[in-house]
Amino acid sequence: MPTNGGGAARPLGLGISPPKPAALLFLLLHCSLLAASATTDTILPGKGISGNETLVSKSGGFELGFFPPGPGIHYFLGVRFRNMAGNSPTFWLGDRVVITDLPAASLEIFGDSLYIKENGASLWWSPSPGGNVSSAAMAVLLDNGNLVVRDQGNSSLVLWQSFDYPGDAMLPGARLGLDQDTGKNVSLTFKSFSHNGSLSVDATRRNGFVLTTDGHANGGTFPDWMVSSQDNGSSLLLNHPETANGTEFLQFNLGQISLMRWSEPDPAANGTGGWVARWSFPSDCKSGGFFCGDFGACTGSGKCGCVDGFTPSYPIEWGLGYFVTGCSRSLPLSCESDGQTEHDDSFAPLDKLQGLPYNAQDEVAGTDEDCRAACRSKCYCIAYSYGHGCKLWYHNLYNLSLAARPPYTKIYLRMGSKLRNKKGLQTRGIVLLVTGFIGLASLVLISVLLWRFRRDSFGTGKFEVEGPLAVYSYGQIKKATMNFSDKIGEGGFGSVFRGTIPGSTAIAVKDLKVLGQAEKQFRTEVQTLGMIQHSNLVRLLGFCVKAKRRLLVYEYMPNGSLECHLFAEKSGLLSWNVRYQIALGIAKGLAYLHEECEDCIIHCDIKPENILLDAEFCPKIADFGMAKLLGREFNSALTTIRGTMGYLAPEWISGLPITKKADVYSFGIVLFEIISGRRSTEVVKFGNHRYFPVYAAAQGCLLVHPGRRE
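If you use mature numbering (1 follows the signal peptide of the UniProt record, and there is no 0), the sequence shown corresponds to residues -38 to -1, 1 to 672, in order.
Listed below in structure tokens is the structure:
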């Protein structure tokens, strides 16, 4: 992609003399020099490229720059094929550090490291290998798409290279596996909100590899023409295409690896070009692996389908052929705890299988009924088989394959109450009779349920909810979270799970531990968030109460908590602009709680863990379990200490009246942490603790995070 756009030639106006030959020659030389500088492949010390510029390899085959992953305002550093008219994939670099202000972004060399900056702040830098270099380092985009940081005086001394840090794709010339010279073990990785996996070398066999998806491993071998063995088989080199004009790359996506080749359009056939898979593993579900995902079955034609009673977990991905996303139950199970005998789960036969599914557990049982009873008594037992002994399955079934001809294998799959074995259904006449009875009894039943819900749902006492909150059934929550399978957080309050409700809306479900103050915190959270809405407060969508279970349903925050971005070792540094917007958003949220609500609401637990970030890094104040509503005429009604040590205002300890200023103090501590990237309380020598605000007051110049001082 050219780095500088051009416009149409402007005609000379009347009265303007035509340029002289000497002037034309000067302009041509000047333009050629500009063109040469615009297509450089090198970054020298003290130099760099801005967000709107690119590096171009000498051959012109690759370009490096800040590119958007799709429509939107975010950019990442990446390498892509040049001159492919928007058809090139992008190979992302720099840990996908987010750039929001493209003109203010830059890629620069300092010392022996490469830096990504935005508004002068360092967001990412390449690891330094240590040791001495003979001269300053430089960065070069090679003709194979590899970005290399090397010593200017010794080009063979490579300090860092992008080929050692691939994401989910790699280019020809890149190495997969262990480099015995550097000790770097390179693998491809894939991660999304629902799946993760890796591709690594299997050194125990020639050209071998191990493909792991969601914990399920599957092995295979690369063709000889595709890779070359290196270092006695500990690593593999992806070969270049046989033809000079071949454009290829290895892609790892959702349980499948593919060597993709660009197919040029055929004018004679009026066709269009596109990426086609020259080689894939698994090529179809018959090749094994995790191709069809959980509860997916491979048919005789090599296509994937969901077993009876299940539907695709992610219909869009399934429709695109990414079957590894698997299938989910149409109806949830009713069994909730081991040993529970009063539940409506049943077992339906799944026959004509080709062999038994993986990961079966042996159980001592003398008859088929004993085997069924053993599985029925364990809520985590999802299937059983009684043929050659009793076999139980405790995990989701995968790698199911339907046999084209005998011998067949049969298992019995645990189903929700409405998906019983057809042979065990009542006759049509009895069903009609029962239906009539149910219709007669339904009014009485509904009345009883409503009475019990109002009496018991929230413990003793009256509980009123204001605002547009939804009341979810426990079955809806189990289905939305795929039986609470995707845990994204855990704390003293309980666990948080990711889910999806109809309409493809992502949600976060907090499952509270009903201990001590949990019931009170649950009521406080629902009452508080149920009557307020603000762009800087996390949105409570609804709740669920079942027996002693208390569940809160929130909007999902894809960027997690502020704490993860400030203190996690592997997190990218937030730019000053993002930090400023986060601080401003928290302040707006607190101002709304304190000044704009009908009653003043004191949050009582402002800290980075309770600040969540959406896809655009907009902050949302969360966790109102300790909040207190005060009338405008009261300002010191709090007595019991609430909050987290390190963020508590002095008046909590001294016994002074508690006002909204307690939140302001906690916000001030959070501001210290946003600016410094350090915890307010740190452990120093000999187990002693240092309170950072006090330390910073005496050491003002050390307050700013080291990566932000410039």
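Quick reminder that beta carbons are idealized off the backbone N, C-alpha and C, glycines included. Just so you know, these numbers come straight off a predicted model, no measurement behind them.
Excluding the 5 residues flanking it on each side, Ala584 has same chain C-beta neighbours closer than 6 Å at Val500, Asn572 and Leu574, in chain order.
Sequence-distant Cβ neighbours of Ile5 in its own chain, meaning closer than 6 Å and more than five residues away, are Ile71 and Ala101. Less than 7 Å separates the beta-carbon of Ile78 from that of Leu39. The shortest C-alpha to C-alpha distance from Lys590 to any of Leu555, Ala611, Thr606 and Lys569 is the one to Leu555. The three-state secondary structure of Ile637, taken from DSSP, is helix.
Per DSSP, the beta bridge partners of Arg223 are Glu210 and Val238.
Going by C-alpha positions, Pro89 is about 15 Å away from Pro128.
The Cβ atoms of Phe586 and Glu517 lie no closer than 7 Å to each other.
Just so you know, the alpha carbons of Arg112 and Trp224 end up roughly 31 Å apart. In the three-state reduction of the DSSP assignment, Leu524 falls in the helix class, which pools H, G and I. With three or more CB-CB distances shorter than 8 Å, the segment 508 to 528 counts as touching the segment 559 to 573. Here Gln483 is buried, its C-beta having at least 16 other C-beta atoms within 10 Å.
In this structure, the beta-carbon distance from Gly461 to Ala432 does not fall below 7 Å.
If you look at Asn539, you'll find it in the alpha helix (DSSP H) that goes Trp538 to Ala553. Gln483 carries a helical assignment under DSSP once its states are collapsed to helix, strand and coil. Counting only runs of 3+ residues, the beta strand (DSSP E) found wholly inside the segment 10 to 81 occupies 10 to 12, 24 to 29, 38 to 43, 52 to 54, 67 to 72 and 75 to 80, in chain order. According to the DSSP secondary-structure assignment, Tyr346 is paired through a beta bridge with Leu354 and Tyr374. Counting the other CB atoms within 10 Å of its CB gives Met607 a total below 16, which places it among the exposed residues. In this structure, Trp355 is the residue among Trp355, Glu80 and Gly159 with its C-alpha nearest to the C-alpha of Glu325. Take the alpha-carbon of Leu491 and the one of Leu502: they are about 6 Å apart. DSSP places Arg460 outside any alpha helix (DSSP H); the residue lies instead in the beta strand (DSSP E), whose first and last residues are Gly456 to Ile463.
Look at Val111 here: in three-state DSSP terms it is strand.
Excluding five sequence positions before and after Ser197, the CB atoms of its chain that fall closer than 7 Å to its own CB belong to Arg137, Leu138, Gly139, Leu140, Asp141 and Val163, given in chain order.
In terms of Cβ geometry, Gly605 and Asp567 form a close pair [threshold 7 Å]. The C-alpha of Gln123 lies about 15 Å from the C-alpha of Ala131. Secondary structure of Gln489 (DSSP, three-state): helix.
The beta carbons of Phe171 and Phe184 sit about 6 Å from each other, so the pair counts as a contact at 8 Å.
Distance from Thr287 to Gly255 at the Cβ level is roughly 5 Å; contact confirmed, criterion being Cβ atoms closer than 8 Å. Going by C-alpha positions, Cys247 is about 18 Å away from Thr273.
The C-beta of Ala611 has 16 or more other C-beta atoms within 10 Å across all chains shown, which makes the residue buried. Between Lys510 and the set Asp473, Cys352, Pro277 and Phe579, the nearest pair of CA atoms involves Asp473. Between Gly271 and the set Gln213, Lys340, Leu375 and Asn215, the nearest pair of CA atoms involves Leu375. In its chain, beyond the 5 residues on either side, Gly262 have a beta carbon closer than 6 Å to the beta carbon of Ala366.
DSSP lists Gly504 as the beta-bridge partner residues of Ala432.
Here Asn321 is near His357, since their CB atoms are less than 7 Å apart. Judged by DSSP in its simplified three-state form, Asp130 adopts coil rather than helix or strand.
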